[in-house]
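Counting the sequence shown from 1 gives a position; this note's numbering is that position plus 612. What follows is a short report on a single structure.
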Amino acid sequence: MNGIGPVYDIAIVGAGAYGTSVLGQISLHLIPKGKGPFRILVVESSQDLGPGMPYSRYMTIPDHIVNIAGGCTQITSTYIPFPEKSDFLLWLRSLSPEYRVSLGIEESEIPSWLNKPFPRFVVGLYLSNRFNQFVMALREKGFIVDVRHLTEVTSVLPRNVFGANGYELDLDRKSKAFARNLFVATGHWTYNRFPDFPHWLPSPFPPRNIQDRTELGGNVGILGCSLSAIDTALTLSKKNGSFQPMHQNGKRSLKFVPFKGAEGFKMTMYGRKAMLPQVMGVVVNKIFAHKYLTPASFIPIIEANDGFLPLDDFWFLLKREIFDEVPRLRPYLPDYWETVSLEEAVSAMRKLLQTIDPVERLSRELEEAKESLKTGVPVLLQNVFYQSYAVFDEVLGYFSAEDRIRFEEIKNELHLLIGPFPVQNAEKILALMNEGYLEVIKMGEKYEIEEAKGRSGMKVSWKPDGDTTFEAHHDVMIDATGQKAAFEKDSSPLTTSLRKAKLVKEILVPFRTAKESLHPGDHPNVVTRDGFTYFRPSGALIDINNFSLVPGTEKPSAPIYYMGPFTMGQVAFPQDMSVVTTAAERGVADLIKRGVLERDVSYEVEKDPAPMYGWLGNASGRLRWLSGENYKGILVKTSIYDQGVKP
């Protein structure tokens, strides 16, 4: 077999959420094509099959809670007709009462399961169950499924074997396999910005690692104020104390009680803007139908603007959506709401949040979120943004370089609403802040992190106002700024092989006009390529039609379907499980389109009548991303990616 080893029709590298969802799409909807055996290879580097890093028992602790409600959690499909029937809740109901209790879940089902987010490891158990279920279903349909765990794919190379084009996979540098079609689902990776600093920890995962490398009662710095930073604080708290319930003035709260020897325990979160996410109330997909953020509104604007969607036009439609959908908010809006700019609105929001004492803000938002969960009424603005994150993901590719630069400046503020954190976690963070065990500090843009001189530990210095310098020392500092997207910084053997084979390509967003064009040096993400200037976000170029990597060389015979950190340059908020299922749905649909698999006509699924994610693909099939097809009067996505502005 030319030294290649076994030949597979499909290989899935990574058995986390995306890999599991791909298996689910194939097992539920498809049947093998042709008369011969159809072989699928699944390769996973860890012991667990299904959960991946974010949901693994070894990468989380019970205090780590997802920010997805139970009724919105599902790996089988993006569309959930009824939250009460989400696939996750169906699985939860199938467990024995005794087993549920052992997981820290109520013995009997209660109504709050619908809006309640669950521990990450519980979602991981659900994914493991579904992984096994999908593999069994595939085998019953006649697929041959080869599952290999504790095995790493160290390289991917285009090859032709026996006249078939595909990819050669190097497995642990010991054996090889060949796949005609490939899904890369390797997920998270760690980037160490200070590899020579022994007291710098490049990642908060696995939790046991940072617990082992910090002292009881230690002074720890945390870089970041987002969801990863919150999980980091909870991990460190687990080592140093426990949360005890309190009742005061008829209200229940938590108090952090340090263990003996940990009385001096202190954590400091540092952020450029130092704003914690909003606390999560009721957020249920499909609670309302968009009136303005729709294809009918977007497409004429895009066609009238040479393939671009101006950010100001998008903001105008979003303002109308907010005004119509949240009437309770109208008394608080300024009289000039119709004309207020995006930057003005975000600046006012930022100023308000940074003016309020962080403890006061968190305490107030916690009460609002609890009331929301009690009444079923979403927190003001929250559900509009939470439900619209997918629209942001879709329109991001239509912003010009000028607007991408503007969007990057305000994205963090939008993420406060789009990526809220659960009440369970907020109660603990508030307890830590109330007792002085956690402080949140705004660093601004000018800060420096270095090894402390003359003492053990790390030193951080910052100028929040641009003039006065502050500094602090910590025994250890942890990078909790979240997942990185720059493929050139990923030193893993697999990504290195993709780069060498030119199977990944940088994203280059053109400026709309030479007048608005910046030059390299004006902005860290502005680059020159072939005499043209572009905005270059982190990440790799992805064909959003099927979520595949766009190669930097001659296009190979088969796409490499991909979902992971490299999508961050084209997906505005890649946080929800529905982004994963959407990527799987589009990739598997492309297999059918290419004739690799046949749809199982005996399986019926209820389709989303008003898709909130994927509206580009629903525009009568005419709106294209990197398709190379031209339509008179119809936007062609390549039209803006093939253009640049001469410096």
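Note that the Cβ used here is the ideal one computed from N, Cα and C, for glycine as well.
Worksheet item: Should Ser849 go down as buried or exposed, given a rule of 16 or more other Cβ atoms within 10 Å for buried?
Response: Residue burial annotation: Ser849 is buried, with at least 16 other C-beta atoms found within 10 angstroms of its C-beta.
Discussion item. Buried or exposed for Leu1228, going by 16 or more other Cβ atoms inside 10 Å?
Written reply: Note on Leu1228: pLDDT 40, under 50, position unreliable in the model; the coordinate value appears next. Result: buried.
Worksheet item: Between Thr1250 and Leu1120, what straight-line distance do the alpha-carbon atoms span, to the nearest angstrom?
Response: Interpretation of Thr1250 is limited by its pLDDT of 30, a score under 50 that renders its predicted location unreliable; the figure taken from the coordinates is listed afterwards. Roughly 12 Å between the two C-alpha positions.
Worksheet item: Exposed or buried, what is Val777 when buried is set at 16 or more other beta-carbons lying within 10 Å of its beta-carbon?
Response: Reading off the sequence shown, one finds Asn at residue 777, where the question assumed Val. Classification for Asn777: exposed.
Worksheet item: Can you tell me whether Glu933 is buried or exposed, with buried defined as 16 or more other CB within 10 angstroms of its CB?
Response: buried
Practice prompt. Using beta-carbon positions only, say whether Met1055 and Gly883 come within less than 8 Å of one another.
Written response: yes
Worksheet entry | Between the CA atoms of Ala1092 and Arg732 - distance to the nearest angstrom | 17 Å
Worksheet item: Which of the three DSSP states, helix, strand or coil, is assigned to Tyr620?
Response: Residue state, collapsed to three classes: strand.
Worksheet item: Is Asp1254 helix, strand or coil when you go by DSSP?
Response: Because Asp1254 sits at a pLDDT of 34, beneath the cut-off of 50, its placement in the model cannot be relied upon, and the following sentence gives the value as read from the coordinates. Three-state DSSP puts Asp1254 in coil, outside helix and strand.
Worksheet item: Helix or strand or just coil, what does DSSP make of Leu945?
Response: Here DSSP, grouped into helix, strand and coil, assigns Leu945 to coil.
Fill in: Arg742: first and last residue of the uninterrupted alpha helix (DSSP H) it sits in
732-753
Discussion item. Here's the rule: buried if 16 or more other CB atoms are within 10 angstroms of the residue's CB, otherwise exposed. What is Met748?
Written reply: exposed
Discussion item. I need the straight-line Cα distance from Phe649 to Thr880, nearest angstrom please.
Written reply: With the sequence shown as reference, residue 649 is identified as Pro, and Phe is not the correct amino acid for it. Answer to the nearest angstrom: the Cα atoms are 57 Å apart.
Worksheet item: Would the region 841-855 and the region 814-829 be scored as touching if the rule is three or more Cβ pairs under 8 Å?
Response: yes
Worksheet item: DSSP on Met665, reduced to helix/strand/coil?
Response: helix
Practice prompt. Mind listing, in chain order, the continuous alpha helix (DSSP H) runs of no fewer than 4 residues lying wholly within the region 961-999?
Written response: 970-987
Fill in: Proximity below 8 Å, CB of Val655 to CB of Val625
Going by C-beta atoms, Val655 is nearer than 8 Å to Val625.
Worksheet item: With a Cβ-Cβ cutoff of 8 Å, do Arg962 and Glu1025 count as a contact?
Response: Contact: yes.
Worksheet item: Since Met1045 is in the alpha helix (DSSP H), which residue starts that stretch and which ends it?
Response: 1035-1046
Practice prompt. Classify Ser1263 as helix, strand or coil using the three-state DSSP reduction.
Written response: Residue numbering for the chain in the displayed model covers 613 to 1259; residue 1263 lies beyond these limits and cannot be assessed.
Worksheet item: Do the region 1013-1020 and the region 1127-1137 meet, that is, are 3 or more Cβ pairs less than 8 Å apart?
Response: yes
Discussion item. According to DSSP, simplified to helix, strand and coil, what is Trp1074?
Written reply: strand
Item to complete: Please confirm if the region 653-668 is in contact with the region 776-791, defined as three or more CB-CB distances below 8 Å between the two stretches.
Response: yes
Worksheet item: So, using beta-carbon positions, are Phe926 and Val996 closer together than 8 Å?
Response: no
Worksheet entry | Cut-off 7 Å between Cβ atoms - residues of its own chain near Gln1182, not counting five sequence neighbours on either side | Leu1008, Gly1009, Ile1119, Gly1151, Ile1154, Ile1156
Worksheet item: Taking buried to mean at least 16 other C-beta atoms within 10 Å of its own C-beta, is Val1257 buried or exposed?
Response: Since pLDDT at Val1257 reaches only 42, below the 50 mark, its modelled position is unreliable, and no value is offered.
Practice prompt. Would you grab the beta carbon distance between Leu1209 and Ile638 for me? Rounded to a whole angstrom, and I think it's under 8 Å.
Written response: 7 Å
Discussion item. So, does the region 1187-1197 touch the region 683-693, judging by three or more C-beta pairs under 8 Å?
Written reply: With a cut-off of 8 Å, the region 683-693 and the region 1187-1197 count as touching, because enough Cβ pairs lie within range.
Fill in: Cβ separation of Leu1029 and Gln890, assumed to be a contact under 8 Å, to the nearest whole Å
Yes, Leu1029 and Gln890 are in contact; Cβ-Cβ is about 6 Å, under 8 Å.
Worksheet item: Looking at the structure shown, is Val634 part of a helix, part of a strand, or coil, going by DSSP?
Response: helix
Fill in: Of the listed residues Lys1071, Leu1203, Arg976, Thr672, nearest to Asn831 (C-alpha basis)
Lys1071
Practice prompt. Confirm, please, whether the CB-CB distance from Asp1212 to Asn1158 is below 8 Å.
Written response: With a cutoff of 8 Å on beta-carbon distance, Asn1158 and Asp1212 are scored as not near each other.
Discussion item. Taking the alpha-carbon of Gly1066 as reference, which of Tyr1059, Asp1087, Phe1033 has the nearest alpha-carbon?
Written reply: Asp1087
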